[in-house]
Amino acid sequence: MTITHKNFNYRKGLDILKVASTNFPSGSGVYKFLDERESPLYVGKAKNLKKRIFSYINDNKQTRRIKTLISLTHRIDFIKTPTELDALILENNLIKNLKPMFNIRLMDDKSYPFIMIGLSNKWARIKKFRGKQNTNDIFFGPFANVNIVDQVIQQLERAFLLRSCSDNIFNSRTRPCILYQIKRCSAPCVGKIKTNEYTELVKQAVLFLKGKNHNLKNSLVKKMQLLSKKQDYEGAAIVRDRIKAISRITFEQYSDLNKNENFDILYLYEKFKQKYIQIFFFRSGKNLGNKDFFLTDKMLEKSEILMQQFLTFFYKNNPAPNEILVNLDLKETKLIQKVISPTKSVEIRTPKKGKKLELLKIVGENIKATNKDMFNKIDNNKKILNKLSKVLNLKNFPHKIEIYDNSHLNGTDPVGAMVVYQNFSFSKHLYRKFNIFSSKERINDDYFMLKQVIERRFNFSKKWKYELPNLIIIDGGKGQLNIVKNTIKKLNIHNIDIISISKGKKRMVLNDKVHSLNGEIKFNKNEKEFYFLQQLRDEAHRFAVSSHTKKRMKRIDNSIFNKIKGIGKKTRSNLLNFFGTIANIQSASLADLKKVEGIGVNTAKKIYNEFNKNV
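Next comes the structure, spelled out in structure tokens:
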């Protein structure tokens, strides 16, 4: 939430703290800082609630962020817990559910992908998997990147010829699919391979994923030689191709790591007063990639506390390995271990010597090297924003910028788009689109559309809407700028800067104009700041157009089904899940249509006849 003169009161917040420090009990528990809307600002845990609250009153220890928190505080609550462990668990759950603005929050708060070999099926399937894991199937991961998973699965298909299709498609096959033709599947669906032979391929794939590929290669070489002696040259060639395919599956392998070592490395680093955590996944001695997490500048805690909170958050969604290495000395590792893995032994430590320390140092050097360009980009963008703040005479530094544009085709399928630039880069997970509701009288009324979008964005009906921007940029001229200004004013929202960018003569980018509430802002057309604003505007335009196109295509697709009686949302969904696209449905045979779940003979005939009536 953006701080305004109405809700910013340091003295009042300090008085609330003093009362709480007197009234709060001793002992472990969780406390909550609440704003005037009763929305949580910050959730923390403490061994001693009274002492912890009292610590905030010390002026010498009050950072800018803590003073901001105190200034926004309207009330402080507490929940006493039997033990410190209970407090840690409760803190974790409250932060995750309430998402306070001053606490750690992961931008991609989700589980990471694994490769799964489904052994519960007679014909084991290899696939990408997220979610809760069972004990019947084999899982390998997590991988830092979905694209890496897709690539590895393709390579595994070539090496072991395992099926990747769904059970629905597998059971309906009457002839081999394209994957069989390109030698990425053994086609068990139509009996191209015997059960025992397929089982052997599955075992080989599992051995490989567990890091025993050296033994696997040796056994395959022996098998190839044996087949050659028997003059079964075709079989020997198949085994030879498998060995080649296995050799092509590459991971970054560390020679001094044991093949059964499973651990993660978490490295917290700071640059430009911003904190980051990078996590590396090591499984079976292989590096499965790494992921960066940006920690917002509103976070209050020291690096050690942030690392502790990150650990509890991350491993709530992802299974913890046997060992977690961190670059900071943590005081509460035993408590954290109990929270993230109550049933399995997990060690959290900072290595002091040996190969793990060397690996930790390598990770630190890797971060500096690989993120050099990112740091330079952040530094450059920060300089641009500093200059823009002065040129545009902004009330606040634009940490968060929202850019708006509308898109429609002669008034049809209108969509409003909001793009977010935050922490010196585009934050695509915060992008939003608004389906605009218009009447015949309002067709092609851009002012009406923009007003509706702004009203809906700032109606505070959802939690994400409380995180207000520092700056709003509109794709438009003075008219659009005034619409936004007046709408925001009526909503009683203050302290947000507003500008707009309009197309110039002949719609040439060099003729674009920047408008503020005080008039046109003159830029040198070659200035980086001017180009930067254009980039922000163009991203909003791109997102608006793509959103409109998707909406229009969906309407067209739905209109096709609307012609057929008895086709509801569920049936449409089943058809699209089975065939993938509208085009595939249109070209499907009557026999294939009957295979779709929930579609009987009569419905299949209706669909088939509709798409083939002119044939």
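Add 1 to a position in the sequence shown, counting from 1, and you land on the number used in my numbering. No residue lacks a Cβ here, since even glycine has one placed at the ideal position from N, Cα and C. On a predicted model such as this, the values are computed, not experimentally measured, just so you know.
Glu324 by DSSP, collapsed to three states: which one?
strand
Can you tell me whether Leu162 is buried or exposed? The criterion is at least 16 other CB atoms within 10 Å of its CB, across all chains shown.
buried
In the DSSP assignment, the beta strand (DSSP E) including Asp293 goes from what residue to what residue?
Lys287 to Leu296
Taking the DSSP output, what are the residues bridged to Pro41?
Leu35
Could you compute how far the alpha carbon of Leu472 sits from the alpha carbon of Val454?
16 Å
Collapsed DSSP secondary structure at Asn407 in the structure displayed:
strand
Give the DSSP-derived three-state secondary structure of Pro415 in the structure shown.
strand
Suppose the cutoff is 6 Å on Cβ atoms and the five residues either side in sequence are ignored; what does the same chain contact list for Met117 look like?
Lys128, Phe130, Asp138 and Phe140
Segments of 3+ residues assigned as beta strand (DSSP E) that fall wholly inside the region 462-515
472-476 and 498-503
What is the DSSP secondary structure of Phe427, reduced to helix, strand or coil?
strand
Contact under 8 Å by Cβ, Ala370 with Ala545:
no
Taking the alpha-carbon of His75 as reference, which of Arg538, Gln155, Asn93 and Asp36 has the nearest alpha-carbon?
Asp36
Given Ile522, which residues of its chain have a CB within under 8 Å of its CB, disregarding the five upstream and five downstream residues?
Val392, Leu393, Ile500, Val515 and His516
Report the three-state DSSP secondary structure of Ile620 (helix, strand or coil).
The first residue shown for the chain is 2 and the last is 616, placing residue 620 beyond what the model contains.
Just the Cα atoms here: how many angstroms apart are Leu404 and Arg284?
As written in the sequence, residue 404 is Ile, which differs from the Leu given in the question. Between Ile404 and Arg284, the C-alpha separation is close to 42 Å.
Are there 16 or more other CB atoms within 10 angstroms of the CB of Gly14, so buried, or fewer, so exposed?
buried
CA-to-CA distance, Asn460 to Thr488, given in whole angstroms:
11 Å
Cutoff 7 Å; reference Lys619; Cβ partners in own chain excluding five residues on either side:
Because the chain spans 2 through 616 in this model, residue 619 falls outside it and cannot be assessed.
Val364 in three-state terms, based on DSSP:
helix
Just checking, does the region 202-213 make contact with the region 166-174 on the three C-beta pairs under 8 Å criterion?
no
For Gln63, which of helix, strand or coil comes out of DSSP?
coil
Locate the beta strand (DSSP E) running through Asn436, then write down its first and last residues.
Arg433 to Asn436
Got a sec, what are the start and stop residues for the alpha helix (DSSP H) Ile337 sits in?
Thr334 to Ile341
Use the C-beta contact count for Tyr199: other C-beta atoms within 10 angstroms, 16 or more gives buried, fewer gives exposed.
buried
DSSP state of Asp233, grouped into three classes?
coil
Quick one: is Val147 buried, meaning 16 or more other Cβ sit within 10 Å of its Cβ, or exposed?
exposed
Below 8 Å between beta carbons: does that hold for Phe79 and Leu50?
yes
Compare the Cα-Cα distances from Lys466 to each of Phe281, Lys218, Val421 and Ile90 and report the closest residue.
Val421
In this structure, how does DSSP classify Ser187 when only helix, strand and coil are distinguished?
coil
So the candidates are Phe295, Ile54 and Ser229; which of them puts its Cα closest to the Cα of Lys33?
Ile54
With a 10 Å radius around its C-beta and 16 neighbouring C-beta atoms as the bar for buried, classify Ala88 as buried or exposed.
buried
At what residue ranges does the region 77-165 contain a whole run of the alpha helix (DSSP H), taking only runs of 4 or more?
85-99 and 147-161
How about Asn10 and Pro143: do their beta carbons lie closer than 8 Å?
no
Could you tell me which of Val191, Gly477 and Ser548 sits nearest to Leu534, measuring between CA atoms?
Gly477
Am I right that Thr582 and Gly599 are in contact with their C-beta atoms under 8 Å? What's the rounded C-beta distance?
Incorrect: roughly 19 Å between the Cβ atoms, too far for contact.
What's the C-alpha gap between His542 and Ala145?
31 Å
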